[in-house]
Every structure is written in structure tokens, then in C-alpha cells.
Amino acid sequence: MLDLGIDLNVWPWIWLGIAVFFAIVELTVLAGSFVLLPFSVSAFVAALLGFYNVPIELQWLAFVGGGAVLWVVAYRYAKRFGGENELEPGVGADRIVGLEGIVTTTIDPDDSDRRGRVTAHGEIWGAISSDRSVLPVGTHVRIVAVNGTKVTVQPLDSSASPPPTSPPPQHPPPPPPT
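Going left to right, the sequence shown walks through residues 2 to 179 as the working numbering numbers them.
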């Protein structure tokens, strides 16, 4: 018989204490990661065995072996469902790179306040043009980069976008010679 120097009538309470301790650590420190929970369950089973005067060797076998088996089962179960909730490529704002959008406020490279806006994927973003062209309202664009809270866009059909505007002439053109 296994003799650890502890009265056999105390073991059920030790197992119960271990079960409660592991459960508390699992729920508070490990935040429900299910690492210690199988061993908490197996310690509870060992406590039940102890209350029914099952030999201490079988109590230890229930604790160690049962905990290991439950841990492997929980690990396989979690591994099977672990890949279902993976994020699509790109995290945070980078997820919109490559999406198409529509200009909602004219994008003008000469606008020092950068008031140009694009709506993409239901979100409104401040925008600048990748080729420094003016993009009027309604232009379909593709987002090519995200820099902070601004996106860099390029028109989908470069022939459809108007050429950059030039400032109006300061003086009227001279009359043609006669």
C-alpha cells in the first residue's frame, strides 16, 4: 500500500481542496483556457473515491490518469474547432487594402486640409490620391494603402478620371493676330 504519511481519512478532503484550487486558478488566472480544468475534475473524482474508501493508489490513478485523458480529449476537441474562427488576411485597418470604394468628397491634392473622403466596406475614410490627381465625387477607386487614418486610393479606370485641374489663367489670352 502507498504510504505518504497522511491519514487515509484526510485524502478525500485533500482531493477536494485540489479540485477547488485548480478550478479557481483555471477561472481566474488562466481565464478559462481549460488547462487545469481536466485535473480539477479528476481531483473531484478522486475525492469521491476517497469518501468511498477506495484504495489511495486508485485515487491517484483517477487523478493523474483521468486528468491526462480528459486533457487530451479537451485538447483534441479544441484543436478541431480552433481553425473555424480565424481572421481574414489583414488585421485592423489593413483589411481594407485592395477593396473598392467610392469618392464621397472630392479628393484634391492641393487641398491642404485633406478633406477628401472615400466610402469603402461601409466605412468612411479620409483619402488621398496615389497619383496626385483630382478625383471628383462618385469616382470608383481601389484602396492601395492605409496610413494612419487616411487611405491612399487610385481610380479604377484611369481614363474615366478627369485630368488634374490647372489653375485658371490670370490674364485673358491675347487676341489672335489678324
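Note that the Cβ used here is the ideal one computed from N, Cα and C, for glycine as well.
| request: Measure the alpha-carbon distance for Arg96 versus Asn148 and round it to whole angstroms. | output: A straight-line Cα-Cα distance of about 13 Å links Arg96 and Asn148.
| field | Where Asp109 falls, given that 16 or more other Cβ within 10 Å makes a residue buried | value | Buried, since its Cβ has 16 or more Cβ neighbours within 10 Å.
| query | Excluding sequence positions up to five away, which residues of its chain have a Cβ less than 7 Å from the Cβ of Ala63? | reply | So the qualifying residues of the chain are Ser43, Val46, Ala47 and Leu50.
| query | For Pro156, which beta-bridge partners are listed by DSSP? | reply | Val142, per the DSSP bridge assignment.
| query | Residue ranges of each alpha helix (DSSP H) run of no fewer than 4 residues wholly in the stretch 30-103, ordered along the chain? | reply | Here the runs fully enclosed are 38-52 and 57-83.
| So, helix, strand or coil for Leu28, using DSSP? | In the structure shown, Leu28 falls within a helical segment according to DSSP collapsed to helix, strand and coil.
| Leu5, DSSP secondary structure in three states | Here Leu5 sits in coil by DSSP.
| request: Compute the Euclidean distance between the alpha carbons of Ala24 and Ile7, then round it to the nearest angstrom. | output: Whole-angstrom Cα-Cα distance: 24 Å.
| task | Kindly list the residues whose CB is nearer than 7 Å to the CB of Pro176, restricted to its own chain and excluding five residues on each side of it in sequence; keep chain order. | result | None.
| message | I need the DSSP call for Gly117, collapsed to helix, strand or coil. | response | In the structure shown, Gly117 sits in coil (DSSP, three-state: anything other than H, G, I, E or B).
| request: Return the residue from the list Thr150, Tyr76, Gly33 and Gly18 that minimises the CA-CA distance to Val98. | output: The shortest Cα separation from Val98 among Thr150, Tyr76, Gly33 and Gly18 belongs to Thr150.
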